[in-house]
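Report on the structure given below.
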Amino acid sequence: MILDADIKAQLAQYLQLMEGDVLLKVSAGADDVSRDMLALVDELASMSSHIKVEQAELPRTPSFSVNRIGEDTGITFAGIPLGHEFTSLVLALLQVSGRAPKADQKVIDQVKSIKGEYHFESYISLSCHNCPDVVQALNLMSVLNPNITHTMIDGAAFKEEVERKDIMAVPTVFLNAEPFGSGRMTLEEILAKIGTGPDASEFSDKEPFDVLVVGGGPAGASAAIYAARKGIRTGIVAERFGGQVMDTMGIENFISVKYTEGPKLVASLEEHVKDYGIDVMNLQRAKRLEKKDFVELELENGAVLKSKTVILSTGARWRNVGVPGEAEFKNKGVAYCPHCDGPLFAGKRVAVIGGGNSGVEAAIDLAGIVSHVTVLEFMPELKADAVLQDRLYSLPNVTVLKNVQTKEITGTDKVNGISYIDRATEEVHHVELEGVFVQIGLVPNTDWLGETIERTRFGEIVVDRHGATNIPGVFAAGDCTNSAYKQIIISMGSGATAALGAFDYLIRN
Ligand SMILES: Cc1cc2nc3c(=O)[nH]c(=O)nc-3n(C[C@H](O)[C@H](O)[C@H](O)COP(=O)(O)OP(=O)(O)OC[C@H]3O[C@@H](n4cnc5c(N)ncnc54)[C@H](O)[C@@H]3O)c2cc1C
C-alpha cells in the first residue's frame, strides 16, 4: 500500500465528489518509481469507479496523465505526486471529472479565452511548499483550455533531466521548452506573465478612494479591513497579495493560532479582505506617489489612482549580498529559500551567507540534507541566538567561518564555489561547492518613493505614533517603516494604527 490509512480515509471522501469518469493513462517501466506509481494508480482506481486506467506511451516514464474519457486534458504527473503534491493530484482528479474549480469567474474566462499553444513543464520537489500553487494553477489552465498542457516533473525521479537543464531551484517552469519562471506563482501572476492580465484601461475610470493601501501583506490587509469597517471607500494595490507571508512555512507566533502556514494565513487574509468589498488590485506595482488635491498613485501599467489618503505598506524583501556572481547565478546555485530549494542540493556542498538567526536556522536545516555546509559571517561572532549556535556547532558537517567577507560567487554556467576575504589577515580563500544560500536580512521596498517621503538611512519610512508620515494624508505601516521589530502581528497592529490615523485625518479635513 502506498497511501497510509489516514490519507486513504480523507481521499475516499474527496473521491466521492467526482462528477464524471476520468482516464489515467500510465507510462511505466521496470524501475522502483514506476512500481510505486503503478501501486498508487491501482489504489486510486480501487477507490472510485469513476477512475479508469489504461497503459500508454508518454514522453516521460514513469508518468501518468489525467484525462476525460475520449479527450486528453494535457495534465501529466511525471514521478509520483505524493508529499506536498498530493493535493494537486486530488484537485486534478476532481476538476477533470467535471467539478467546478474554486477560482474567480473573471480568471476562468480569461484562461478560456487564451489563444495559441502553451505547453508548460514544472520541475518540483515533493517537499517544496511553494510548488503546489504553481502545479495547481497550471493544471487548472490545462483543464479549462484545450490549447494548454502541463506536466509536473518530480526532480528526484528525473535527476538526469534536472541536471541537464541545470535546474537548481523549485518550482522552475518551462513554457514551450523555454525557461518561463521560477518560484511561487499564482494563476493571476502566470496570466499576467503570458500577457493576458488586466491593462491600464481597467483602472482609468475608478472614482477617488478615501483610503488607498499600497501593499497586500499583513500590514496592508489589516489597514484595509480597519478602513473599510469605517464604511469608507477602500482599495488595495499589491504587487503580490500576501507579501512575505506567502514565502513562510511554519508560523508559530501568530497569537491565538498555535500553528499555521503562510499560504493558509494569506488565504484567510484574502477572505477577510474580500468580505468587506475592498477593491483589491492585485499584481499591480506602484511606481510614483504625488500629493496634489488628492494623493496620486501611478502604477507600472500607467494608470493613475487618486485617493484622499494613502497607506504605504510595501514591506521588505530578501537582501542581496551584492557580490559578483550573485545575480548571474540566481537559481543556478544561488538561492534564498532553504526550505524550498534545499532538497535540490541533496548530497552536495553549500554555503550559507549570514550568521544571524535566519542564516543559522538555514544552516541547521540544510545540514540534514546536503553533504556539507559552510557558514560565512562578516562579524567576529555569530549573531544568532545561543540555542541555535549550540545546535549548529553540534553538527558534524558544518564549518563556521567568522570575520570573513564574501568576495565572489564563482561558476561557469552554475555555481562552483565561493571566494571570501579573511578580514584579520586579508587573505583570499576559495571553497568549492555547488550552492550558496543568502540569508542576510531584509531591505524595505521603498526605493520607488524617491525623495517624496522622509525615510531613514536604511530606507525605512519614518512614521509617528498615528502611523503618519511627513506628508499630510500619507500614512505607513509594517516592515517598510522604522518600526523596531518586523513581525506579522506587529505589521497587522501598525496597519490598524495607520487606518485609524487615516480615518482621523479624513474627519478633520
Ligand atoms: C521566510 C520568512 C519567514 C518569516 N516567519 C515569520 C514568522 O514565523 N512570524 C512572524 O511574525 N513573522 C515572520 N516573518 C516576517 C513577516 O513575514 C513580516 O514581518 C510581515 O510579512 C511584514 O508584513 P508587511 O505587510 O509589512 O510586508 P510584506 O509581507 O513584505 O508585504 C508587502 C506587500 O507590498 C507589496 N509591494 C511591495 N512593493 C510594492 C509596490 N511598489 N507596489 C505595490 N505593491 C508593492 C508586496 O507585493 C506585498 O503585497 C517571516 C519573513 C520571512 C521572509
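Just so you know, we're using numbering that gives the first Met the number 0 here: the sequence shown kicks off at 0 and counts up by one. Even glycine gets a Cβ: it sits at the ideal position worked out from N, Cα and C. This structure is a prediction, so every number in the text was calculated from the model and none was measured.
query: Any chain B beta carbon closer than 7 angstroms to R284; result: The structure shown has no chain B; it contains just one protein chain.
query: Contacting residues, own chain, Cβ-Cβ under 8 angstroms from A383 (five flanking each side not counted); result: G354, G355, N356, G358, V359, E360 and L391
query: Assigned secondary structure, V369 (DSSP; H/G/I helix, E/B strand, else coil); result: coil
query: Those residues which DSSP pairs with N281 across a bridge; result: A237
query: Beta-carbon contacts of E453 that lie in its chain and below 6 angstroms, excluding the five residues immediately before and after; result: V461 and N469
query: Per DSSP, the bridge partner or partners of M151; result: F76 and S121
query: Separation of A226 from Y275, as counted between CA atoms; result: 10 angstroms
query: Reduced DSSP secondary structure (H/G/I, E/B, other) of S33; result: helix
query: Chain-order list of residues whose beta-carbon lies under 6 angstroms from that of N481 (same chain, five-residue window excluded); result: T455, E459 and V461
query: 7 angstroms Cβ shell around L499 - same chain, five flanking residues per side excluded; result: Y225
query: Proximity of M167 and G332 at Cβ, strictly below 7 angstroms; result: yes
query: Which residues DSSP lists as bridging G410, in chain order; result: V414
query: Under 7 angstroms between C-beta atoms of T496 and G466; result: yes
query: Among V386, G301, H271 and Q243, nearest to Y335 - alpha-carbon criterion; result: Q243
query: Nearest-angstrom beta carbon gap, V21 and N66 [assumed within contact, 8 angstroms]; result: 7 angstroms
query: Exposure label - V437; buried when at least 16 CB within 10 Å; result: buried
query: D548 Cβ short of 6 angstroms to ligand 1 heavy atom set; result: Nothing can be reported for residue 548, as the shown portion of the chain is limited to 0 through 508.
query: Whole-number beta carbon distance between L174 and Y122, since they are thought to touch under 8 angstroms; result: Going by Cβ atoms, the distance from Y122 to L174 rounds to 13 angstroms, so no, they are not a contact pair.
query: G416 beta carbon near ligand 1 (any heavy atom closer than 6 angstroms); result: no
query: Sub-7 angstroms separation of A501 and T308 beta-carbons; result: yes
query: Environment of R239 [buried if 16+ CB atoms lie within 10 Å]; result: buried
query: Extent of the continuous alpha helix (DSSP H) run through K158; result: K158 to R163
query: Other residues of its chain near T233: CB distance less than 6 angstroms, five sequence neighbours each side excluded; result: V210, A223, A226, A227 and I277
query: Boundaries (first-last residue) of the beta strand (DSSP E) holding K307; result: V303 to L311
query: Proximity winner among T86, N146, A156 and L90, relative to D30 (alpha-carbon distances); result: A156
query: Local Cβ density within 10 Å of G449, reported as buried at 16 or more and exposed below that; result: exposed
query: Delimiting residues of the alpha helix (DSSP H) encompassing D389; result: A385 to Y392
query: Closer than 6 angstroms: P262 CB and nearest ligand 1 heavy atom; result: no
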